[in-house]
Amino acid sequence: MHSDLLLEHFRNPRNVGQLPAPAITVDVTNPACGDLLRLSARFENGIVAEARFQVRGCTASIAAGSALAEWMIGKTRPELLGLTAEVIDQALGGLEPASKHAAALCIDGAKAIARSREP
């Protein structure tokens, strides 16, 4: 059973969409389940000023994308690289074992943004 916080992010996701150029946009896929995360971020002075997400996937992945985009704002590239599953898990009030893949998708997305060159 999903937590109330996870369901709130699923029903009312934050920061949905894609940022226009010159934002960085990456696509990451979870090969195990096929969920897809498109993540966009715009940096100002080395800090994420805006973040947006789109997910094609399950309830947990949509909620995790929402939590990720919210968490990213104000973070540096090293902080994005340091994202852990525990951060996403806590942001969603706990993930069921079958939904842990959603946190992995977020970590992959955050790392891809952190490693991307700004356009």
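Going by our numbering, 73 is the number at position 75 of the sequence shown; the sequence numbering is gapless. Cβ atoms here follow ideal geometry from the backbone N, Cα and C, with glycine treated the same way.
#1: Let me confirm a value: Asn43 is counted as buried when at least 16 other C-beta atoms fall within 10 Å, else exposed. Which label applies?
#2: Opposite Thr27 in the DSSP bridges: which residues?
#3: Would you call the stretch 47 to 55 and the stretch 77 to 84 touching, i.e. three or more CB-CB distances under 8 angstroms?
#4: Taking the runs of the alpha helix (DSSP H) that are 4 residues or longer, which of them lie wholly in the stretch 70 to 100?
#5: Compute the beta-carbon to beta-carbon distance between Val46 and Gly72, rounded to the nearest angstrom, for a pair I have assumed lies under 8 angstroms.
#6: Look at the alpha carbon of Leu5 and the alpha carbon of Thr57, and state the distance between them as a whole number of angstroms.
According to the structure shown:
#1: exposed
#2: According to DSSP, which records beta bridges pairwise, Thr27 is partnered with Leu34.
#3: no
#4: 75 to 79 and 83 to 89
#5: 6 angstroms
#6: 8 angstroms
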